[in-house]
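Heads up, the working numbering is the position in the sequence shown plus 154, with the first residue counted as 1. Here a beta-carbon is modelled for each residue, glycine too, at the ideal position from N, C-alpha and C. Beneath this line is the structure, given in structure tokens, with notes to follow.
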Amino acid sequence: MMLPVHTQKANLRQTLLPQRRSLPKADWHSRSQAICAHLQRNDCFNQARTILSYFSFHQEPCLYSLIQLPKVWGFPRCVGSSLVWHQWSIGLPLQVGKYGIPEPDPNLPLVESTQADLILVPAIGCDHRGYRLGYGGGYYDRLMGESSWEKKMTIGIIFEFAYLPELPVDPWDQPLSLVCTELGIRNCR
């Protein structure tokens, strides 16, 4: 008998999160730097003027070195069941959000969907079709399902061990355009 999708996802989280958290700091850092190098060689990344990103949490791949590049950077705040994006650069204030994730100060300028060229999406895992496994809150799937965001270029950011042939999928799950790991960038759709 096949387990329900939510149970399959929970089981994958219980496997992939400890694996990610157990990476030695030097290994985590070198893998993160390899991801950043692949992104810097990518045409979509280079052509983007405004990039939405994330602050690394629970040893997600760290993209901090990219923030020094001359782009407009947006970072999310969780507001209700939505993500609200604010411009942020090194040195500007941060606060701790409701999940313990750093967020930009709510008084910083907003980034609207019309301004965003590329979204770098954190994930626990991704599959070859571009579906991602998140923490279960649905924030990114809701965002990518909105008409003003659905055509945006999205790149899932994970470590290679979390790039799987196929993930369990719910009807509301939204596929990514590309997936980037320390071994390179793959097309999904």
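So residue 232 is in the beta strand (DSSP E); what residue range does that whole segment cover?
In the sequence shown, counting from the first residue as 1, residue 232 sits at position 78. Counting along the chain, the beta strand (DSSP E) containing residue 232 begins and ends at 226-233.
Identify, in the order they occur along the chain, each residue of the same chain with its Cβ nearer than 7 Å to the Cβ of residue 255, setting aside the five sequence neighbours on each side.
One-based indexing of the sequence shown puts residue 255 at position 101. So the list reads 209 and 211, once near-sequence residues are dropped.
Residue 325 (DSSP reduced to helix, strand or coil):
Working through the sequence shown from its first residue, we reach residue 325 at position 171. In this structure, residue 325 counts as coil in the three-state DSSP scheme.
If you reduce the DSSP assignment to three classes, tell me which class residue 162 lands in.
Translated into the one-based positions of the sequence shown, residue 162 becomes position 8. The answer is helix: DSSP assigns residue 162 an H, G or I state.
Rounded to whole angstroms, what is the Cα-Cα separation between residue 190 and residue 238?
In the sequence shown, residue 190 corresponds to position 36, counting from 1. In the sequence shown, residue 238 corresponds to position 84, counting from 1. Whole-angstrom Cα-Cα distance: 24 Å.
Does residue 244 pass the burial test, meaning 16 or more other C-beta atoms within 10 Å, or should it be called exposed?
Residue mapping note: residue 244 aligns to position 90 of the sequence shown, counting from 1. With fewer than 16 other CB atoms across the displayed protein chains lying within 10 angstroms of its CB, residue 244 is exposed.
Rounded to a whole number of angstroms, what is the C-alpha to C-alpha distance between residue 330 and residue 284?
For the purposes of this step, residue 330 is taken as residue 176 along the sequence shown, with counting starting at 1. For the purposes of this step, residue 284 is taken as residue 130 along the sequence shown, with counting starting at 1. Their backbone Cα atoms lie some 5 Å apart in a straight line.
Candidates 229, 275 and 261: closest to residue 294 by CA position:
Here residue 294 refers to the residue found at position 140 when the sequence shown is read from its first residue. With distances taken between Cα atoms, residue 294 lies closest to 275.
Which residue from 325, 277 and 192 puts its Cα closest to that of residue 171?
On the sequence shown, position 17 is the one that residue 171 refers to. Out of 325, 277 and 192, 277 has the C-alpha closest to the C-alpha of residue 171.
Out of 233, 315 and 292, point me to the one whose CA is closest to residue 328's CA.
Position 174 of the sequence shown holds residue 328. Checked all of 233, 315 and 292; the closest Cα to residue 328 is 292.
Three-state secondary structure (DSSP) at residue 303?
In the sequence shown, residue 303 corresponds to position 149, counting from 1. Correct three-state label for residue 303: coil.
Bounding residues of the beta strand (DSSP E) (the contiguous stretch that carries residue 281):
Reading the sequence shown from its first residue, position 127 is the one you call residue 281. Note, residue 281: beta strand (DSSP E), 279-281.
Measure the CB-CB distance between residue 193 and residue 342 and report whether it falls below 8 Å.
Taking the first residue of the sequence shown as 1, we reach residue 193 at position 39. Taking the first residue of the sequence shown as 1, we reach residue 342 at position 188. No; because the gap between Cβ atoms is not below 8 Å, this pair is not in contact.
Reduced DSSP category for residue 297 - H, G, I as helix; E, B as strand; rest coil:
Taking the sequence shown and counting its residues from 1, one reaches residue 297 at position 143. Residue 297 falls in the helix class under three-state DSSP.
Out of 187, 168 and 266, which has the shortest C-alpha to C-alpha gap to residue 205?
Locating residue 205 in the sequence shown gives position 51, counting from the first residue. Comparing Cα-Cα distances from residue 205 to each of 187, 168 and 266, the minimum goes to 266.
When you compare each of 270, 248, 250 and 279 to residue 227 by their alpha carbons, which one comes out closest?
Taking the sequence shown and counting its residues from 1, one reaches residue 227 at position 73. Checking every option, the nearest Cα to that of residue 227 belongs to 270.
For residue 205, which beta-bridge partners are listed by DSSP?
Here residue 205 is taken as the residue at index 51 of the sequence shown, counted from 1. Looking at the DSSP assignment, residue 205 forms a beta bridge with 227 and 272.
With DSSP as the reference, please indicate the residues paired to residue 241 in a beta bridge.
For the purposes of this step, residue 241 is taken as the residue at position 87 of the sequence shown. DSSP, once it has assigned bridges, lists 228 as partnering residue 241.
Measuring from the CB of residue 306, is there a heavy atom of the ligand PLP at a distance below 7 Å?
No copy of the ligand PLP occurs in the structure displayed, which carries no ligand at all.
Best match in 240, 231, 242 and 236 for proximity to residue 250 [C-alpha to C-alpha]:
Position 96 of the sequence shown, counted from the first residue, corresponds to residue 250. The option with the nearest alpha carbon to residue 250 is 231.
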